[in-house]
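Residue 40 in full-length UniProt numbering sits at position 40 of the sequence shown; the count goes up by one each step and never skips.
All residues carry an ideal CB built from backbone N, CA and C; glycine is no exception.
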Amino acid sequence: PRAWEQEVIPVSGDKNANIDCHPTGENHGDILQTSGKNPGDFWNITTQPFTGYNPDLEHFAIFPVNLVLNPLKSSCPTNGVVLDPFCGRGTVGKVAKKLGLHYILFDAKPEYCDLARLYIAGQKYKLHREQSKLEAW
1 PRAWEQEVIP
11 VSGDKNANID
21 CHPTGENHGD
31 ILQTSGKNPG
41 DFWNITTQPF
51 TGYNPDLEHF
61 AIFPVNLVLN
71 PLKSSCPTNG
81 VVLDPFCGRG
91 TVGKVAKKLG
101 LHYILFDAKP
111 EYCDLARLYI
121 AGQKYKLHRE
131 QSKLEAW
């Protein structure tokens, strides 16, 4: 509707002119902005080095924990359940566990599910090439 467009399109040209139209809510824990405003469309998340990459053991699309942390803290209720249908290494599950949330993870490749299970448990892992199966050390 036209009324909605008038509310969210800045008329002054200032990109922050309508920031009041997008409140973050009250129950978002420590990620709530001190001004009570939306944290914005762009987040400053530092990449994390990952040494020892082995394509036989690792998932190819590893992302920083902080990329998952704030969205889970702001959107999942206490004792909520997080669903990750592309679990890969299991970063979402590891963050959910750290936050005390329940999680359901699955992936098209069973070896990624094994990898995620070990990563979430904090165990090191090795690959048995002859069996193509991951096991904890």
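In this structure, how does DSSP classify residue 105 when only helix, strand and coil are distinguished?
For the purposes of this step, residue 105 is identified with residue 105 of the sequence shown, where counting begins at 1. DSSP places residue 105 in strand when its eight states are reduced to three.
On a CA-only basis, which of 119, 44, 81, 116 is nearest residue 101? Give me that one, please.
Locating residue 101 in the sequence shown gives position 101, counting from the first residue. Here the closest residue by C-alpha is 81.
Quick one, which of 62, 71, 48 has its alpha-carbon nearest residue 42's?
Taking the sequence shown and counting its residues from 1, one reaches residue 42 at position 42. Checking every option, the nearest Cα to that of residue 42 belongs to 71.
For residue 82, the first and last residue of its enclosing beta strand (DSSP E):
As a first step, residue 82 is located in the sequence shown; it is residue number 82 there, counting from the start. Segment 81-84, the beta strand (DSSP E) holding residue 82.
Closest to residue 84 by CA distance: which of 123, 76, 104, 95 is it?
As a working mapping, residue 84 is identified with position 84 in the sequence shown. Closest option to residue 84, Cα to Cα, is 104.
Considering only the beta carbon of each residue, do residue 68 and residue 91 sit closer than 8 Å?
Taking the first residue of the sequence shown as 1, we reach residue 68 at position 68. Taking the first residue of the sequence shown as 1, we reach residue 91 at position 91. Taking 8 Å as the Cβ cut-off, residue 68 and residue 91 qualify as a contacting pair.
Our contact map puts residue 116 next to residue 89 with C-beta atoms below 8 Å; I'd like the distance itself, whole angstroms only.
On the sequence shown, residue 116 is found 116 positions in, with the first residue counted as 1. On the sequence shown, residue 89 is found 89 positions in, with the first residue counted as 1. Right, their Cβ atoms sit about 6 Å apart.
Endpoints, alpha helix (DSSP H) assigned at residue 95
On the sequence shown, position 95 is the one that residue 95 refers to. Start and end: 91-98.
What's the gap between the Cα of residue 76 and the Cα of residue 40?
Within the sequence shown, the letter at position 76 stands for residue 76. Within the sequence shown, the letter at position 40 stands for residue 40. Those two C-alpha atoms are separated by around 19 Å.
How would you label residue 120, buried or exposed, when you count the other beta carbons within 10 angstroms and need 16 or more for buried?
Numbered from 1 along the sequence shown, position 120 holds the residue referred to as residue 120. Buried: at least 16 other Cβ atoms inside 10 Å.
For residue 30, three-class secondary structure by DSSP:
For this step, residue 30 is matched to residue 30 along the sequence shown. Reliability fails at residue 30, whose pLDDT of 46 lies under 50, so the model's placement of it is uncertain and the value that follows must be treated cautiously. Three-state result, residue 30: helix.
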